[in-house]
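2 protein chains.
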Amino acid sequence: GLDPYLAESPIPFEEFKLNSDGMLTVVTQDYKTNEVLMVAYMTREAYEQTVETGIMTYYSRSRQELWVKGDTSGHYQYVKSLTIDCDKDTLLAKVRQVGNACHTGHYSCFFTDLVKKEYKEENPMHVFEDVYDVI
Amino acid sequence: GLDPYLAESPIPFEEFKLNSDGMLTVVTQDYKTNEVLMVAYMTREAYEQTVETGIMTYYSRSRQELWVKGDTSGHYQYVKSLTIDCDKDTLLAKVRQVGNACHTGHYSCFFTDLVKKEYKEENPMHVFEDVYDVI
Chain D
-9 GLDPYLAESP
1 IPFEEFKLNS
11 DGMLTVVTQD
21 YKTNEVLMVA
31 YMTREAYEQT
41 VETGIMTYYS
51 RSRQELWVKG
61 DTSGHYQYVK
71 SLTIDCDKDT
81 LLAKVRQVGN
91 ACHTGHYSCF
101 FTDLVKKEYK
111 EENPMHVFED
121 VYDVI
Chain Y
-9 GLDPYLAESP
1 IPFEEFKLNS
11 DGMLTVVTQD
21 YKTNEVLMVA
31 YMTREAYEQT
41 VETGIMTYYS
51 RSRQELWVKG
61 DTSGHYQYVK
71 SLTIDCDKDT
81 LLAKVRQVGN
91 ACHTGHYSCF
101 FTDLVKKEYK
111 EENPMHVFED
121 VYDVI
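Here the protein sequences line up with chains D and Y, keeping their order.
Anchor point for the first sequence: position 42 equals 32 in this note's numbering, and the numbering is continuous, going up by one each time.
Anchor point for the second sequence: position 53 equals 43 in this note's numbering, and the numbering is continuous, going up by one each time.
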């Protein structure tokens, strides 16, 4: 198994495929609910600092500097897992989010629905969730 | 509420912020489990076709053409919801995935763990899941 205290990436940043801005695309989701919180970008320095510290560190494209998310707001993201996709151009981070991920005060940056189809919730687990809410 | 048979986006593609390649970044996840399946890109044509048909349609950067995912493999992705993020540069799609999302045969393109911290599963819902597995 993977070392839970691993401080070095088993795949070096050089092997990742970067976007046209020379950065790695990162999708960050809540480690319990899998809710997608945000999409941001990492440079090599940001990636290595994230792996070393266990705190999500991005590169701010607007401020053009390393961005330890939470340093200003206190809304840190603690790394639970980092996974790279099949063509090594996108990183998926599962995190424990402190407070809200979005600067607007929403938990997730994705709060503006464009299309929403109605569908029957077929997951029988929701019966248990309803029961759980009652007890 | 949103029209479940909406065939036109309430926000036109022109209002989205595109990446340096002139495309919209798209995160696609399973609508029931929230598992992230893949990250891909859309042109305006791909986005509008997705909204109109309800079938995820990307732009293939390698083949440089419109890509109706599933047309070759049968592994279509049926749109359940489309959500744009706070700065309008990333689309989140919840879909019903037929077969596997990844061309490698994995359900998700994210199957290579780089870092994985051990953590106690604190969600009491798992008690119910265990019960459900038994009954």
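Glycine is no exception: its CB is placed at the ideal position from the N, C-alpha and C atoms.
Just so we're clear, the structure is a prediction, and the values are computed from it rather than from any experiment.
(Q) My output table needs one value for Arg86 (chain Y): the three-state DSSP class, helix, strand or coil. (A) If you number the second sequence from 1, residue 86 (chain Y) lands on position 96. Arg86 (chain Y): strand per DSSP, three-state reduction.
Q.
With a threshold of 6 Å (Cβ to nearest heavy atom), would Ile74 (chain D) be considered close to the ligand PLP?
A. Looking for the ligand PLP in the displayed structure turns up nothing, as the structure carries no ligands at all.
Q) Roughly how many whole angstroms lie between the Cα atoms of Thr94 (chain Y) and Phe100 (chain Y)? A) As a first step, residue 94 (chain Y) must be located in the second sequence, where it is residue number 104. As a first step, residue 100 (chain Y) must be located in the second sequence, where it is residue number 110. Going by the C-alpha atoms only, they are around 11 Å apart.
Q) Based on the DSSP output, what are the partners of Met28 (chain D) in its beta bridges? A) Here the question's residue 28 (chain D) lines up with position 38 in the first sequence. In the DSSP output, where bridge partners are listed per residue, Met28 (chain D) has D:Thr18.
Q: Just tell me which of Y:Lys107, Y:Thr102, Y:Asn90 and Y:Asp11 has its CA closest to the CA of Tyr49 (chain Y).
A: Within the second sequence, numbered from 1, the residue matching residue 49 (chain Y) stands at position 59. Closest by alpha carbon: Y:Asp11.
Q: Identify whether Tyr49 (chain D) lies in helix, strand or coil by the three-state DSSP scheme.
A: Counting from one through the first sequence, the residue named residue 49 (chain D) turns up at place 59. Residue state, collapsed to three classes: strand.
Q) Within 10 angstroms of its Cβ, does Lys59 (chain D) collect 16 or more other Cβ (buried), or is it exposed? A) Here the question's residue 59 (chain D) lines up with position 69 in the first sequence. Counting Cβ neighbours within 10 Å, Lys59 (chain D) comes out buried, since at least 16 surround it.
Q. What is the DSSP secondary structure of Phe6 (chain D), counted as helix, strand or coil?
A. As a working mapping, residue 6 (chain D) is identified with position 16 in the first sequence. Coil.
**Q.** Gly(-9) (chain D) in three-state terms, based on DSSP
**A.** For the purposes of this step, residue -9 (chain D) is taken as the residue at position 1 of the first sequence. A caution first: Gly(-9) (chain D) carries a pLDDT of 45, below 50, which makes its placement in the model unreliable, though a value can still be read off. DSSP places Gly(-9) (chain D) in coil when its eight states are reduced to three.
Q: Spatial neighbours of Gly(-9) (chain Y) within its chain, please: CB distance less than 8 Å, with the 5 preceding and 5 following residues excluded, ordered by chain position.
A: One-based indexing of the second sequence puts residue -9 (chain Y) at position 1. With a pLDDT of only 46 at Gly(-9) (chain Y), under 50, the local geometry of the prediction cannot be trusted, and no value is derived from it.
Q. Cβ of Ser52 (chain Y) less than 7 Å from any chain D Cβ?
A. Locating residue 52 (chain Y) in the second sequence gives position 62, counting from the first residue. For Ser52 (chain Y), the answer is no, since every Cβ of chain D falls outside 7 Å of its Cβ.
Q | One or two residues paired with Tyr129 (chain D) in a DSSP bridge | A | No answer is possible for residue 129 (chain D): the residues shown for chain D start at -9 and end at 125.
(Q) Buried or exposed, going by whether 16 or more other CB atoms sit within 10 Å of the CB of Ser98 (chain D)? (A) Mapped onto the first sequence, residue 98 (chain D) falls at position 108. Looking at its Cβ environment, which holds 16 or more other Cβ atoms inside 10 Å, Ser98 (chain D) is buried.
Q.
Any beta carbon of chain D sitting closer than 7 Å to that of Leu56 (chain Y)?
A. By one-based count along the second sequence, residue 56 (chain Y) stands at place 66. No, Leu56 (chain Y) lies away from the interface with chain D (no Cβ there is under 7 Å from its Cβ).
Q: List the residues of chain Y that Phe100 (chain D) touches, going by C-beta distances under 7 Å, in chain order.
A: In the first sequence, counting from the first residue as 1, residue 100 (chain D) sits at position 110. Residues of chain Y passing the Cβ test: Thr73, Asp75 and Leu82.
Q | Chain-ordered residues of the segment 2 to 22 of chain D with a beta carbon less than 7 Å from chain Y | A | Asn9, Ser10, Asp11, Thr15, Val17, Gln19 and Lys22
Q) Thr33 (chain D) CB to nearest chain Y CB: under 7 Å? A) Counted from its first residue, the first sequence places residue 33 (chain D) at position 43. Output row for Thr33 (chain D): interface = no.
**Q.** Collapsed DSSP secondary structure at Glu55 (chain Y) in the structure displayed
**A.** Locating residue 55 (chain Y) in the second sequence gives position 65, where the first residue counts as 1. Strand, per DSSP.
Q. Do you know whose CA, among D:Glu42, D:Lys106 and D:Val26, lies nearest Asp75 (chain Y)'s CA?
A. Position 85 of the second sequence holds residue 75 (chain Y). Considering only alpha carbons, the answer is D:Val26.
Q: List the endpoints of the continuous beta strand (DSSP E) containing Lys106 (chain Y).
A: For the purposes of this step, residue 106 (chain Y) is identified with residue 116 of the second sequence, where counting begins at 1. Taken as a continuous stretch (DSSP letters only), the beta strand (DSSP E) holding Lys106 (chain Y) covers Phe100 to Lys106.
Q. With a Cβ-Cβ cutoff of 7 Å, do Glu85 (chain D) and Lys107 (chain D) count as a contact?
A. Locating residue 85 (chain D) in the first sequence gives position 95, counting from the first residue. Locating residue 107 (chain D) in the first sequence gives position 117, counting from the first residue. According to the sequence provided, residue 85 (chain D) is Val. The question's Glu does not apply to it. For Val85 (chain D) and Lys107 (chain D), no; Cβs fall outside 7 Å.
Q) With burial defined as no fewer than 16 other Cβ atoms inside 10 Å of the residue's Cβ, what is the status of Gly44 (chain Y): buried or exposed? A) One-based indexing of the second sequence puts residue 44 (chain Y) at position 54. Label assigned to Gly44 (chain Y): buried.
Q) Is the CB of Thr94 (chain D) under 7 Å away from at least one CB in chain Y? A) For this step, residue 94 (chain D) is matched to residue 104 along the first sequence. Cβ-Cβ to chain Y under 7 Å: yes for Thr94 (chain D).
Q.
For chain Y, check one thing: does any of its Cβ atoms lie closer than 7 Å to the Cβ of Asn24 (chain D)?
A. Along the first sequence, one-based indexing puts residue 24 (chain D) at 34. Asn24 (chain D) counts as touching chain Y.
**Q.** Selected residue, minimal CA-CA separation from Phe6 (chain Y), among Y:Tyr31, Y:Asp20 and Y:Thr23
**A.** Residue mapping note: residue 6 (chain Y) aligns to position 16 of the second sequence, counting from 1. The shortest Cα separation from Phe6 (chain Y) among Y:Tyr31, Y:Asp20 and Y:Thr23 belongs to Y:Tyr31.
Q. Hey, out of D:Arg51, D:Leu56 and D:Val105, whose CA is closest to Thr40 (chain D)'s CA?
A. Looking up residue 40 (chain D) in the first sequence gives position 50. If we check each option's Cα against that of Thr40 (chain D), D:Leu56 comes out closest.
Q.
I want to verify the contact list: residues of chain Y whose CB lies under 9 Å from the CB of Ser(-1) (chain D), in sequence order.
A. Position 9 of the first sequence holds residue -1 (chain D). Ordered by position in chain Y, the residues that pass the 9 Å Cβ test against Ser(-1) (chain D) are Leu104 and Val105.
Q. From Thr18 (chain Y) to Val105 (chain Y), what distance separates their C-alpha atoms?
A. In the second sequence, residue 18 (chain Y) corresponds to position 28, counting from 1. In the second sequence, residue 105 (chain Y) corresponds to position 115, counting from 1. Rounded to whole angstroms, Thr18 (chain Y) to Val105 (chain Y) spans 22 Å at the Cα level.
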